[in-house]
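Each residue of the sequence shown is one higher than the last, beginning at 240 in my numbering. Yeah, the Cβ is synthetic: ideal placement off N, Cα and C, and Gly gets one too. Since the structure is predicted, the reported quantities are computational estimates derived from the model, not experimental observations.
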Amino acid sequence: MSIKNLNIPNKIFNFSLDLYKGEILGISGLAGSGKEELMKAFFGLWPAKFDEIIVYGKKLKLKSPLDWLKKGIAYLPEERKLQALFLDPEYLRNCYL
Numbered sequence: 240m241s242i243k244n245l246n247i248p249n250k251i252f253n254f255s256l257d258l259y260k261g262e263i264l265g266i267s268g269l270a271g272s273g274k275e276e277l278m279k280a281f282f283g284l285w286p287a288k289f290d291e292i293i294v295y296g297k298k299l300k301l302k303s304p305l306d307w308l309k310k311g312i313a314y315l316p317e318e319r320k321l322q323a324l325f326l327d328p329e330y331l332r333n334c335y336l
């Protein structure tokens with residue numbers, strides 16, 4: 240996966256990365272350093288602009304979290320107790336965790 244020139248207004252400028260098969264991306268930093276916004280932007284949850292996103296060798300236009308999930312890419316939020324729980328039992332009937 241390659242991401243070229245990610246820009247998040249007033250936060251991150253011209254960020255690029257290349258991930259290769261078998262690699263797992265983890266981001267760390269101090270509170271307020273932009274790590275959460277960066278990961279949300281990758282996953283389509285934060286407004287950002289990219290020059291190019293390449294997944295499995297194909298240039299893509301991924302616009303929503305569902306688009307990323309279909310490509311096998313997931314986001315694990317920093318605040319898991321508030322943002323990553325399926326509290327509605329209806330979800331559990333439709334999901335395999």
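Excluding its 5 nearest sequence neighbours in each direction, Ile266 has C-beta neighbours in its own chain below 7 Å: Lys274, Leu277 and Met278, listed in chain order.
Secondary structure of Phe281 (DSSP, three-state): helix. DSSP places Leu299 outside any beta strand (DSSP E), giving it a letter other than H or E.
A direct Cα-Cα distance of roughly 14 Å separates Lys297 from Tyr259. When secondary structure is reduced to three states using DSSP, Lys309 falls in the helix class.
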